[in-house]
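Residue numbers (the numbering used here): 2 to 149.
This is the structure we're talking about:
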């Protein structure tokens, strides 16, 4: 229906504009709801914190001198708390993307030197372990700071 500038066409113009606006808003609201649903589904699918493996060591953690200098400190920290890191889910979602079992595995390659989430979680875990905090407390703190 062509729009004319006759009095009758001008009367219909606000109705047409309201209809166009409504059509533009409804799909975006539907997309927002779908995005929220997807985020809830992704959170529900997130792997739980893994159980630390008995006897796990830092044997596979990269040497601090084999990573960029800016990351050497966090690799040293990771090597000191392998059983704790082995009990932590990594919130950069490398479990889904790369099949990593735990945060410890992020330090068995260069991931810990390139990802701020991995290194931040390891630093927090190390600092809390030095304060005598339990794995359960460390998990809660990491989930609160890095979880979605």
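The beta-carbon is built from N, C-alpha and C at its ideal position, and this holds for glycine as well.
Beta carbon of residue i nearer than 8 angstroms to that of residue j
{"i": "residue 79", "j": "residue 68", "result": "no"}
{"i": "residue 57", "j": "residue 136", "result": "no"}
{"i": "residue 83", "j": "residue 104", "result": "no"}
{"i": "residue 102", "j": "residue 51", "result": "yes"}
{"i": "residue 108", "j": "residue 147", "result": "no"}
{"i": "residue 89", "j": "residue 124", "result": "no"}
{"i": "residue 145", "j": "residue 129", "result": "no"}
{"i": "residue 81", "j": "residue 127", "result": "yes"}
Distance between beta carbons of residue j and residue i, contact taken as under 8 angstroms
{"i": "residue 121", "j": "residue 72", "result": "Contact flag wrong, Cβ pair sits at about 12 angstroms."}
{"i": "residue 118", "j": "residue 96", "result": "Actually they do not touch by this definition, with Cβ atoms about 12 angstroms apart."}
Span of the alpha helix (DSSP H) around residue i
{"i": "residue 80", "result": "70-81"}
Complete beta strand (DSSP E) runs within the region 95-142 (minimum length 3 residues, chain order): Listed in chain order, the beta strand (DSSP E) elements of length 3 or more contained wholly in the region 95-142 amount to none.
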